[in-house]
Structures are given as C-alpha cells and as structure tokens.
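**Student:** Numbering (the numbering used here), first residue to last: 417 to 522. I am attaching a structure below and will ask some questions about it afterwards.
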C-alpha cells in the first residue's frame, strides 16, 4: 500500500506488514474509531489497534498483544464485551498475539 503507518509496538508493525501482503485486504487503518463498551455496568472507552476492510469478509477490528500474552479474568470479560459491542455494530473482532504473528498464522 506504500503508506506511512504509525504503530505502537513491533508486533503491530509486523501485523501491518502481513496486512499489506494479504490479497484479501482492501485497506486498513491503525488506531481507528474509539467505541464505548460496558464492563460491570460501567462505560469504558476502547480503541482497537487496526480496522481491516476485506474484499469478501466483514470489516474486522484487531487487537494486537505481545507474545505469551495471557488474559486475566477481568481481561477476558473486557474482550468479551468489546467483541460483543463490535458484533452488534456488524463488525468482527479478533485478538492476535505475537505468537501467531511470529508463526505467520494471521
């Protein structure tokens, strides 16, 4: 795509390189819109790392986490609510770890 892209981590940079090479991807942006989701009946703000527009799939928001990332119970609840919020908006949401990025499984 040949554009300048600001990323917050090496894993995000590597993920962006995968997206640039993926023929299924029409385009993508980093740090897209912020959403509000509810966790434990309290509103929270969240901004995904990427929004990817595919040619044949629904647009998908991605959160990139480091290799070996393990979720606490609260993080599991958080990402469940975030995914639910995006699904209600007719988007997909996927959490990707550095383990998958290193292995080229994205």
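A virtual CB, placed ideally from N, CA and C, is assigned to each residue, including glycine. On a predicted model such as this, the values are computed, not experimentally measured, just so you know.
1. Would you tell me roughly how many angstroms separate the C-alpha atoms of residue 428 and residue 457, rounded to the nearest one?
2. In whole angstroms, give me the CA-to-CA distance for residue 508 and residue 473.
3. Tell whether a beta-carbon distance below 8 angstroms holds between residue 498 and residue 453.
4. Hey, could you find the ends of the alpha helix (DSSP H) residue 438 is sitting in?
5. Quick check on the DSSP output: the beta strand (DSSP E) that includes residue 481 runs from which residue to which?
6. In chain order, which alpha helix (DSSP H) runs of at least 4 residues are fully inside the segment 446-504?
7. Buried or exposed for residue 484, going by 16 or more other Cβ atoms inside 10 Å?
8. Alpha carbon to alpha carbon, what distance is there between residue 444 and residue 462?
9. For residue 469 and residue 446, which I take to be in contact (beta-carbon distance under 8 angstroms), what is that distance rounded to the nearest angstrom?
10. Is it true that the CB of residue 477 sits closer than 8 angstroms to the CB of residue 495?
**Tutor:** Reading from the atomic positions:
1. 31 angstroms
2. 9 angstroms
3. yes
4. Element bounds for residue 438: n/a, residue is neither H nor E.
5. 476-481
6. 489-504
7. exposed
8. 18 angstroms
9. Actually they are not in contact, since the Cβ atoms of residue 469 and residue 446 sit about 13 angstroms apart, beyond 8 angstroms.
10. no
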